[in-house]
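Please read the structure below before turning to the comments.
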Amino acid sequence: MLDIAIKGGTLLTDQGQVSADLGIEGDRIAMIAAPGALPAARREIEAEGCLVMPGAIDIHFHVRAP
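First residue of the sequence shown? That's 28 in our numbering, and the numbers climb one at a time after it.
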């Protein structure tokens with residue numbers, strides 16, 4: 028059983044966008060599957076209409092900003 032299933036999102040990859048579900052076990056991505064193809068999960072997150080992507084770093088900043 029997966030810890031978390033992120034369902035119905037659009038995954039952003041280095042190859043482009045793809046509609047898929049994402050399965051998480053612990054702190055790792057365990058599987059990427061076609062929509063509706065993930066096994067059961069303890070927690071489900073509905074991501075329809077959302078982009079799912081790796082963490083991003085905002086490199087734009089102002090030195091004088093508080």
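Yeah, the Cβ is synthetic: ideal placement off N, Cα and C, and Gly gets one too.
Could you work out which residue in the options is closest to residue i when comparing CA atoms only?
i      : options                : result
Leu-38 : His-89, Phe-88, Ala-61 : Ala-61
Please state if the CB of residue j and the CB of residue i are separated by a distance shorter than 9 Å.
i      : j      : result
Ile-33 : Gly-50 : yes
Leu-29 : Met-58 : yes
Ile-84 : Ile-31 : no
Ala-74 : Gly-35 : yes
Please name the residue or residues paired with residue i in a DSSP beta bridge.
i      : result
Gly-50 : Ala-32, Met-58
Leu-38 : Val-45, Val-79
Arg-70 : Ile-31
Considering only residues of the same chain and omitting the five flanking positions on each side of residue i, which have a CB-CB separation below 6 Å?
i      : result
Val-45 : Leu-38
Classify residue i: buried if its beta carbon has 16 or more other beta carbons within 10 angstroms, exposed otherwise.
i      : result
Asp-48 : buried
Ala-68 : buried
Please return the same chain residues whose Cβ sits closer than 8 Å to the Cβ of residue i, not counting the five positions on each side in sequence.
i      : result
Arg-70 : Asp-30, Ile-31, Ala-32
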